[in-house]
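Asks: As given, the protein sequences belong to chains R and P, one line each in that order. The numbering of the first sequence is the numbering used here, which starts it at 975 and goes up by one. The numbering of the second sequence is the numbering used here, which starts it at 6 and goes up by one. Just passing along the structure, written as structure tokens.
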Amino acid sequence: MPVVPAKIRLAGPNHTVHVDWSDGHASVYEYPYLRSRCPCATCQDSEPEPGQAAGALPVLKKALKPERAEIVGRYAVQIYWNDGHNSGIYSYEYLRRLCPCPECTAEARAAGMDGRQE
Amino acid sequence: MSERITPQDVLRALGALRDAERQQDIVALGMVKDVEVGDNRVSLTLQVPNPQAAATERWVRAARQVIQQLGVAEVQVGVAPLAASGPNPQAALIPQVKYTIAVASGKGGVGKSTVAANLAVALALAGNKVGLMDADVYGPSIPTLMGGRQEPRVVEGKIEPPVEFGVKMISMGYFLPKNDAVIWRGPMLHKTVRQFLGDVRWGELDFLMMDLPPGTGDIQLSLCQTVALTGAVIVSTPQDLALNVASKAIGMFQKLNVPILGLVENMSYYVCPGCGRRDDIFGHGGARQAAEKLGFPFLGEIPLDVQIRAESDGGRPVAVDRTTACGRAFHDVAAKMVAEVRARSGEVKPEILIE
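Spelled out as structure tokens, the structure:
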């Protein structure tokens, strides 16, 4: 049985998305972290820090946050950001790989493939 | 105004307003909130997916009207966006369908549509409410296989699917002149899949069987993204070539988290009607071995039989008669598939919280 999110909380404390997984693991993602790893084709093509496009005066920009999210079939979640970007379909597998907690980071490093840089 | 109106009266009146898209009244959809009844006045809130949409304005007007018809002078209708953890909009496309099952294959010509049609008929004969969606937009064959005696009709902006052998059906074949081809790119295919789901009056169904085109293309991906499929049935002929390609289809479903309900071996063997001698034309047992190797259930084998071919071309699926060997084979596969579906109920469905 593949690991899937049981609960996705878009408005966690300190600008984070919280995911409770079906295997009991919990992941916390900061908004800019998640957005900069948007898997959509446009963001994947842009350089060097995809998705952030902060511009010269980032203070004038509205704080980035997800407005809503939709489940895609059985395998992914699509995040609708407040700046209108919504083409990123985060597969559960990818989302789990992005988990920034120390154990997952160590595991990814041990496996020799740092999924975070995708 | 003589009698006092209760909130129940208000809800009953609002129950007459139906959301054509979701095929339910607005009370059943949970759109009506905070009903308050005062002296000759009623106030309530309508929860809508998009407060800015033109449809919202229509809902408010209609709600006000039906309540005024109860004899209430002052009606206040507020609008609120749908609750944060509301139902997934995807689920709302076919809210009354219990199980959605894709019938797929790697390569074409393995009899996927024949298997889909006969499974649908077998499920219907077993007492289920069944729909059959022909997602093979390029090569629709369901109307031929199922007789195609009726045509879909458009009623109140929705497609009323024809019913054959107790199965509601939709197919691109109904909308094309014979011998006309569909030459479309992805976005059109995606739209068609959505329409086949949301614009067809499927009503309440136990099973919606979906006959996919061969391969791992746009339609498969669209379908897997639009519906949280219960599972997929993979059809293959026994020879290595077909099985190798079938494993590609399996790989796609696994990537998209769609459970594989099992493999069906079609054209499994041939029994000569003259002498009764059995020939394994494409080999035999290949799909069973592949299922065992990959760890998926094997749902059964369907013989290569001229009766299946003849009756399929004649628009009468063999599963209609379960006393024949071929008919029984499909009923056995259907029963195994249902058992697999039941074994998978109670899976985790992700919940999204916005606040």
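By construction, the Cβ of each residue, glycine as well, lies at the ideal position given by its N, Cα and C atoms. Here the structure is a predicted model, which is why all the values come from computation and not from measurement.
Please confirm whether residue 1049(R) has its beta-carbon closer than 8 Å to some beta-carbon of chain P.
Replies: yes
Asks: What residues in its chain sit with their C-beta under 6 Å from that of residue 1052(R), if we drop five residues either side in the sequence?
Replies: 1044, 1046 and 1063
Asks: Within this structure, are the beta carbons of residue 198(P) and residue 221(P) separated by less than 8 Å?
Replies: Not a contact, by the Cβ cut-off of 8 Å.
Asks: Taking Cβ positions, are residue 68(P) and residue 51(P) nearer each other than 8 Å?
Replies: yes
Asks: Among all the DSSP beta bridges, which residues are the ones paired with residue 214(P)?
Replies: 106(P) and 137(P)
Asks: Decide if residue 175(P) is buried, meaning its Cβ has at least 16 other Cβ atoms within 10 Å, or exposed.
Replies: buried
Asks: Indicate whether residue 150(P) and residue 172(P) have their beta-carbon atoms separated by less than 8 Å.
Replies: No Cβ-Cβ contact shorter than 8 Å links residue 150(P) with residue 172(P).
Asks: Note down the Cα distance separating residue 180(P) from residue 202(P), rounded to an integer number of angstroms.
Replies: 16 Å
Asks: Considering only the alpha carbon of each residue, which of 70(P), 241(P), 13(P) and 290(P) lies closest to residue 22(P)?
Replies: 70(P)
Asks: Is the CB-CB distance between residue 301(P) and residue 267(P) below 8 Å?
Replies: yes
Asks: By the DSSP assignment, the alpha helix (DSSP H) with residue 244(P) in it spans what residues?
Replies: Run containing residue 244(P): none; DSSP gives neither H nor E here.
Asks: Would you say residue 280(P) faces chain R, with C-beta separation under 8 Å as the test?
Replies: no
Asks: Rounded to whole angstroms, what is the Cα-Cα separation between residue 169(P) and residue 101(P)?
Replies: The C-alpha of residue 101(P) is placed about 20 Å away from the C-alpha of residue 169(P).
Asks: Are the segment 1056 to 1074 of chain R and the segment 994 to 1013 of chain R in contact at 8 Å, needing three or more beta carbon pairs?
Replies: yes
Asks: Taking Cβ-Cβ distances shorter than 7 Å, what residues in chain P pair up with residue 976(R)?
Replies: 262
Asks: May I have the straight-line CA-CA distance separating residue 20(P) from residue 37(P), to the nearest angstrom?
Replies: It is roughly 10 Å from the alpha-carbon of residue 20(P) to the alpha-carbon of residue 37(P).
Asks: Could you give the C-beta distance for residue 324(P) and residue 332(P), rounded to a whole number, given that I count them as a contact under 8 Å?
Replies: 5 Å
Asks: My output table needs one value for residue 64(P): the three-state DSSP class, helix, strand or coil.
Replies: helix
Asks: With 16 as the cutoff for other CB atoms within 10 Å, does residue 55(P) come out buried or exposed?
Replies: exposed
Asks: Quick one: is residue 1009(R) buried, meaning 16 or more other Cβ sit within 10 Å of its Cβ, or exposed?
Replies: buried
Asks: Work out the CA separation of residue 99(P) and residue 207(P) for me, nearest whole Å.
Replies: 8 Å
Asks: Using three-state DSSP, classify residue 1039(R) as helix, strand or coil.
Replies: coil
Asks: According to DSSP, simplified to helix, strand and coil, what is residue 178(P)?
Replies: helix
Asks: Go to residue 15(P), then tell me how far its alpha helix (DSSP H) extends in each direction, as first and last residue.
Replies: 12 to 19 is the span of the alpha helix (DSSP H), which, as asked, contains residue 15(P).
Asks: In this structure, does DSSP put residue 154(P) in helix, strand or coil?
Replies: Secondary structure at residue 154(P): coil, using DSSP grouped into helix, strand and coil.
Asks: In the DSSP assignment, what residue or residues form a beta bridge with residue 1050(R)?
Replies: 1046(R) and 1065(R)
Asks: With 9 Å as the limit, tell me which residues of the segment 1059 to 1082 of chain R have their beta carbon closer than that to any beta carbon of chain B; keep them in chain order.
Replies: Going by chain labels, chain B is absent from the structure shown, which instead holds the protein chains R and P.
Asks: Quick one: list the residues of chain R neighbouring residue 4(P), beta-carbon separation under 8 Å, in chain order.
Replies: Here chain P comprises residues numbered 6 to 360, so residue 4(P) is not present and cannot be evaluated.
Asks: Have a look at residue 126(P) and residue 120(P) and give me their C-alpha separation to the nearest angstrom.
Replies: 10 Å
Asks: Between which two residues does the alpha helix (DSSP H) holding residue 233(P) run?
Replies: Premise fails: residue 233(P) is in no alpha helix (DSSP H) and is neither H nor E.
Asks: When DSSP labels each residue in this structure, what does residue 101(P) get in the three-state scheme?
Replies: coil
Asks: Against chain R, does residue 98(P) count as a neighbour if the rule is that its beta carbon must be under 8 Å from one of theirs?
Replies: For residue 98(P), the closest Cβ of chain R is not nearer than 8 Å.
Asks: Is it buried or exposed for residue 1048(R), if we count other Cβ within 10 angstroms and need 16 for buried?
Replies: By the Cβ-count criterion, residue 1048(R) is buried, with 16 or more other Cβ atoms from all chains shown falling within 10 Å of its own Cβ.
Asks: Starting from residue 23(P), follow its DSSP beta bridges and name the residues at the other end.
Replies: DSSP output for residue 23(P) lists 30(P) as bridge partner(s).
Asks: Mark residue 1081(R) as exposed unless 16 or more other C-beta atoms lie within 10 angstroms of its C-beta, in which case mark it buried.
Replies: Exposed.
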